[in-house]
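Quick note: the first sequence, position 67, residue 67 per full-length UniProt numbering, numbers continuous. Below: one structure, written as structure tokens.
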Amino acid sequence: MADDGEEYGVPLLNRLKTGYSACVYQPLASLEGDCATGESDMAYWLMKSEPDEYGWDDLLRDGSTEWTGVRNHAAAKHLRAMKKDDRAFFYHSAIAQPCIVGIMAVAREWQPDGEEGKWASVKMTPVEPLPSPVTLKAMRAEGALSDMATLKQSRLSVSPVREDEWKHLLRMAGA
DNA sequence: GCCAACGTTGGC
DNA sequence: GCCAACGTTGGC
Numbered sequence: 001m002a003d004d005g006e007e008y009g010v011p012l013l014n015r016l017k018t019g020y021s022a023c024v025y026q027p028l029a030s031l032e033g034d035c036a037t038g039e040s041d042m043a044y045w046l047m048k049s050e051p052d053e054y055g056w057d058d059l060l061r062d063g064s065t066e067w068t069g070v071r072n073h074a075a076a077k078h079l080r081a082m083k084k085d086d087r088a089f090f091y092h093s094a095i096a097q098p099c100i101v102g103i104m105a106v107a108r109e110w111q112p113d114g115e116e117g118k119w120a121s122v123k124m125t126p127v128e129p130l131p132s133p134v135t136l137k138a139m140r141a142e143g144a145l146s147d148m149a150t151l152k153q154s155r156l157s158v159s160p161v162r163e164d165e166w167k168h169l170l171r172m173a174g175a
């Protein structure tokens, strides 16, 4: 079981849940409380990372992370559009079974990343893991997700997710 | 401003 | 590890 993409499946999530409840459960309540404006215009995103480099369990361990290193103009544009408390799926890429494994929130809006001043990074914090990960394969099989930016352009590491797509994915994840 | 060459990313 | 897709660079 530990020899291919399955290691990023349910067994890993079970392991993560433990660490999650142990160290970072508080964001949900405080984030909801911050929405004083009443009507939510919260946006949704999908952010990719190679778990060999930085995965969901690293984010749980750290409590939050600066999402640096994005060097694609379209992705950088999305980073600059992200607002505090927006939600984002954490997607594990470049593994045998690429999949969405958890939900993050924008903890702080963008700041310059790098010397050139043309790139941006945001600060992200974990909200909760998905009950079961949603694989890329499963996403591709869903007609309701056929417009998703990440499916149309696989190399885009930060992409918007529509509200209907977000809800659909949550249902697929058993959330 | 076009386009060929090249580099990088990400899925398989 | 390979290859397709995409972005960037540089010659013209």
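We put the CB at the ideal spot given by N, CA and C, even for glycine. Since we're looking at a predicted model, the values are computed, not measured.
C-beta contact flag for residue i and residue j at 7 Å
i	j	result
V127	A107	no
V161	M47	no
M148	E165	yes
P133	A175	no
D86	M124	no
N168	A138	The sequence shown places His at residue 168, rather than the Asn named in the question. Cβ distance not < 7 Å, so H168 and A138 don't count as in contact.
Proximity to residue i [Cα-Cα], best of the options
i	options	result
A74	D164, P131, K118	K118
R140	Q153, D85, D62	Q153
V70	R155, A138, M172	R155
Close beta carbons around residue i, own chain, < 6 Å, minus the five adjacent residues each side
i	result
T68	D113, S121
Proximal residues to residue i (C-beta, below 8 Å), its chain only, five neighbours per side dropped
i	result
W110	L79, R80, M82, A120, S121, V122
W56	L16, F90, H92, V101, G102, P126, P129
Those residues which DSSP pairs with residue i across a bridge
i	result
A105	R87, T125
P51	According to DSSP, P51 bridges with nothing at all.
Q111	S121
W45	A88, P160
8 Å contact criterion, which residue i and residue j should meet: CB distance rounded
i	j	result
A88	W45	4 Å
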